[in-house]
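> My questions will all concern the structure given below.
In structure tokens, the structure reads:
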């Protein structure tokens with residue numbers, strides 16, 4: 296496994312993307328809306344991973360609830376695996392708890408989330424990109 300991205304909850308994804316672009320000297324940013332998750336994201340590519348900025352698109356979005364409770368900031372880290380189904384099964388065997396089932400994420404990526412109680416209070420996402 297490797298770190299795929301770090302996700303940050305923001306109130307305004309366009310404004311936050313501009314701030315990150317200026318701070319990091321990045322020209323390329325990709326925007327995508329994921330209706331099933333209720334988020335609009337900006338993906339900022341780096342040499343060794345990505346930063347994903349997330350803005351809620353509706354009141355039932357988990358990101359909306361996160362922002363109301365905690366404000367803008369680090370939301371989760373994402374770990375990439377080639378075999379998400381196998382990793383979930385292996386981790387469950389170790390007692391790791393998941394938040395829901397494997398589902399579709401950004402750009403056809405398979406994703407699932409690990410409960411923060413399983414990783415010392417950190418929300419983590421497992422992701423497997425399409426080949």
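Residue numbers (this note's numbering): 296 to 426. Even for Gly, the Cβ is constructed at its ideal location relative to N, Cα and C.
Short of 6 Å in beta carbon distance, which residues of its chain neighbour residue 422, apart from the five on each side in sequence? Order them along the chain.
Cβ neighbours of residue 422 beyond the five flanking positions: 299, 373, 375, 404, 406.
> Are residue 380 and residue 391 close, meaning C-beta to C-beta below 8 Å?
Cβ atoms of residue 380 and residue 391: not closer than 8 Å.
> Does the contact criterion of 3 or more C-beta pairs under 8 Å hold for the stretch 382-389 versus the stretch 327-338?
Too few Cβ pairs lie closer than 8 Å, so no.
> Would you give the residue range spanned by the beta strand (DSSP E) that residue 321 belongs to?
No beta strand (DSSP E) contains residue 321, which DSSP labels as neither H nor E.
> Exposed or buried, residue 371, counting other C-beta atoms within 10 Å across all chains shown (16 or more means buried)?
Burial call: buried.
> How long is the line joining the alpha carbons of residue 399 and residue 311, rounded to whole angstroms?
Using only the alpha carbons, I get a separation of about 25 Å.
> If I measure Cβ to Cβ from residue 321 and keep anything under 6 Å in the same chain, skipping five residues before and after, which residues do I get?
If we look at residue 321 and ignore the five residues flanking it on each side, its Cβ neighbours are 339.
> With respect to the beta strand (DSSP E) encompassing residue 386, which residues constitute its N-terminal and C-terminal limits?
First-last for residue 386: 379-388, but that is the alpha helix (DSSP H), not the beta strand (DSSP E).
> Which residue wins for smallest C-alpha separation from residue 348, given the options 355, 329, 301, 360?
The shortest C-alpha separation from residue 348 is found at 301.
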